[in-house]
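First to last, the protein sequences are chains Y and A. Everything in the first sequence is counted per my numbering, starting at 146 for the first residue and increasing by one. Everything in the second sequence is counted per my numbering, starting at 95 for the first residue and increasing by one. All residues carry an ideal CB built from backbone N, CA and C; glycine is no exception. This report refers to the structure that appears directly beneath it.
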Amino acid sequence: MIGYALYFAFICFGLGLLFCLYRVVFAPGVSDRVLALDTMTVNMIALVALFGILHDTTMYFEIMLLFAMVGFVSTVAYAKFILRGDVIE
Amino acid sequence: MSIFAEILVSALLVIGGIFGLVGSYGLVKLPDQMTRLHAPTKAATLGVGGILLASVAWFGFFGEHSSWHELLIALFLFMTAPITGLMIAKAHMHLSWRAEELPDSGEDRNWATYGDSAERSLLDKGTDDEGTERDLRE
Chain Y
146 MIGYALYFAF ICFGLGLLFC LYRVVFAPGV SDRVLALDTM TVNMIALVAL
196 FGILHDTTMY FEIMLLFAMV GFVSTVAYAK FILRGDVIE
Chain A
95 MSIFAEILVS ALLVIGGIFG LVGSYGLVKL PDQMTRLHAP TKAATLGVGG
145 ILLASVAWFG FFGEHSSWHE LLIALFLFMT APITGLMIAK AHMHLSWRAE
195 ELPDSGEDRN WATYGDSAER SLLDKGTDDE GTERDLRE
């Protein structure tokens, strides 16, 4: 039962990544594109967590942590760049 | 006992997957930027939280030793998602609207993000890319 649920979640987040990719390519504005990229990192964290369950290992924990931190910092930096034209003043 | 653990983990996985899919689909489906902000920052974050909880439960019930690390990531994501949403909304507002075009703030000063010490609207600067975002929006 867990196997089917696992593959269902894989399909959901894979489709979610595809939707985000569509929004990155065909975005009406630059802030929309940043939002789609941020959602892609969030979906990637979920996929890595699912991969950890599938392979029965906690080794992927550091990857998830790095994805979360780098995704957050890069999104805030890019929003700041749009606002001020500069990241660190 | 084992069947309940299986049902718990499966339910968390399915619920998390559905929320993640809805959050990402909302990014494509919803009509304008400000509504599109809602889907990923709320639904997708909740979906990832469900998946991480399922991971914790799975390693607790079936793994060799329990791992609580995933809760750290869930906590981090739940703390940072509102901040990213706020930053992107601010960037979008400054790209798209001047201070005069916004609804009245109800007080004698303007909205905080358009205040004197804060960033002025990028449209007021009269740079080369003036109105590009607005043209694309229409």
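Leaving out five residues before and five after residue i in sequence, what residues of the same chain have Cβ atoms less than 8 Å from its Cβ?
i	result
A/Phe-113	Ala-137, Ala-138, Leu-140, Gly-141 and Gly-144
Y/Asp-177	Arg-168
A/Phe-172	Thr-139 and Gly-143
A/Trp-205	Ala-193, Leu-196 and Ser-199
Y/Ala-213	Thr-186 and Ile-190
Y/Val-179	Thr-220, Tyr-223, Ala-224 and Ile-227
A/Ser-96	Phe-155
Y/Leu-195	Leu-151, Ala-154, Phe-155 and Phe-158
Y/Phe-206	Gly-197
A/Ile-167	Leu-146
Y/Gly-88	Because chain Y spans 146 through 234 in this model, residue 88 of chain Y falls outside it and cannot be assessed.
Within its chain, find whatever has a CB closer than 7 Å to the CB of residue i; leave out the 5 residues flanking it on each side and keep chain order.
i	result
A/Ser-149	Glu-164
Y/Ile-208	Val-193
A/Ser-160	Phe-153 and Gly-154
A/Thr-221	Residue confidence is low: A/Thr-221 scores 48 on pLDDT, short of 50, so the model does not pin down where it sits. Its coordinate-derived value is still stated next. Once the five neighbours on either side are set aside, A/Thr-221 has no close Cβ partner at all.
A/Lys-123	none
Y/Thr-184	Cys-165
A/Ser-104	none
A/Gly-201	Correcting the residue identity first, residue 201 of chain A is Glu in this sequence and not Gly. Cβ within range, chain order: n/a, list empty.
My assumption, with CB atoms under 8 Å, is that residue i sits in contact with residue j. Please give the rounded CB distance.
i	j	result
Y/Leu-151	Y/Leu-182	Their Cβ separation, rounded to whole angstroms, is 26 Å, which puts Y/Leu-151 and Y/Leu-182 out of contact at 8 Å.
A/Leu-115	A/Ala-151	With 8 Å as the limit, A/Leu-115 and A/Ala-151 do not qualify as a contact, their Cβ atoms being about 21 Å apart.
A/Arg-130	A/Gly-120	7 Å
A/Gly-110	Y/Asp-201	That belief does not hold up - the Cβ atoms of A/Gly-110 and Y/Asp-201 are roughly 19 Å apart, past 8 Å.
A/Ala-183	A/Met-128	7 Å
A/Thr-178	Y/Phe-217	6 Å
Y/Asn-188	Y/Leu-162	5 Å
A/Glu-100	Y/Met-146	5 Å
For residue i, report the span of its alpha helix (DSSP H) as first-last.
i	result
Y/Asp-183	175–200
A/Ser-104	96–123
A/Gly-157	Segment: none, A/Gly-157 is in no alpha helix (DSSP H) and carries neither H nor E.
Y/Tyr-149	147–170
A/Ser-190	163–190
Y/Lys-225	206–229
A/Arg-130	127–130
With a threshold of 6 Å on Cβ separation, who are the neighbours of residue i within its own chain once the five nearest residues in sequence on each side are excluded?
i	result
A/Leu-147	Leu-106
Y/Ala-172	Arg-178
Going along chain C in order, which residues have a C-beta closer than 7 Å to the C-beta of residue i?
i	result
Y/Ile-233	Chain labels in this structure do not include chain C; the protein chains are Y and A.
Name the residues in the segment 146–157 of chain Y whose C-beta lies less than 7 Å from a C-beta of chain A; which are they? Listed by position along the chain: Met-146, Ile-147, Ala-150, Leu-151, Phe-153, Ala-154 and Cys-157.
Listed from N- to C-terminal order along the chain, which residues in the segment 183–202 of chain A have their beta-carbon within a distance smaller than 7 Å of any beta-carbon of chain Y? Under the 7 Å Cβ criterion, the segment 183–202 of chain A contributes Lys-184, Ala-185, His-186, His-188 and Leu-189.
Against chain A, which members of the segment 165–185 of chain Y pass a CB distance test of less than 8 Å? For the segment 165–185 of chain Y, the set of positions with a beta-carbon nearer than 8 Å to some beta-carbon of chain A reads Cys-165, Tyr-167, Arg-168, Pro-173, Gly-174, Val-175, Ser-176, Asp-177, Val-179, Leu-180, Ala-181, Asp-183 and Thr-184 in chain order.
Select from the segment 131–145 of chain A all residues with a C-beta closer than 7 Å to any C-beta belonging to chain Y, and list them in chain order. So the list reads Leu-131, Pro-134, Ala-138, Thr-139, Gly-141, Val-142 and Ile-145, given in the order they occur along the chain.
According to a CB-to-CB cut-off of less than 9 Å, which residues of the segment 150–161 of chain A neighbour chain Y? Listed in sequence order: Trp-152, Phe-153, Phe-156, Gly-157, Glu-158, His-159 and Ser-161.
So if I threshold CB-CB distances at 8 Å, which residues from the segment 204–222 of chain Y count as touching chain A? Residues of the segment 204–222 of chain Y with a C-beta less than 8 Å from any C-beta of chain A: Phe-206, Met-209, Leu-210, Ala-213, Met-214, Phe-217, Thr-220 and Val-221, listed in chain order.
Anything in the segment 186–202 of chain Y with a Cβ closer than 8 Å to a Cβ of chain A? List those residues in chain order, please. For the segment 186–202 of chain Y, which is checked against every Cβ of chain A, the residues closer than 8 Å are Val-187, Asn-188, Ile-190, Ala-191, Ala-194, Leu-195, Gly-197, Ile-198 and Asp-201.
Could you please tell me which residues of the segment 109–131 of chain A, in chain order, have their CB closer than 8 Å to any CB of chain Y? If the cut-off is 8 Å between Cβ atoms, the segment 109–131 of chain A has Gly-110, Gly-111, Ile-112, Gly-114, Leu-115, Gly-117, Ser-118, Tyr-119, Leu-121, Val-122, Gln-127, Arg-130 and Leu-131 near chain Y.
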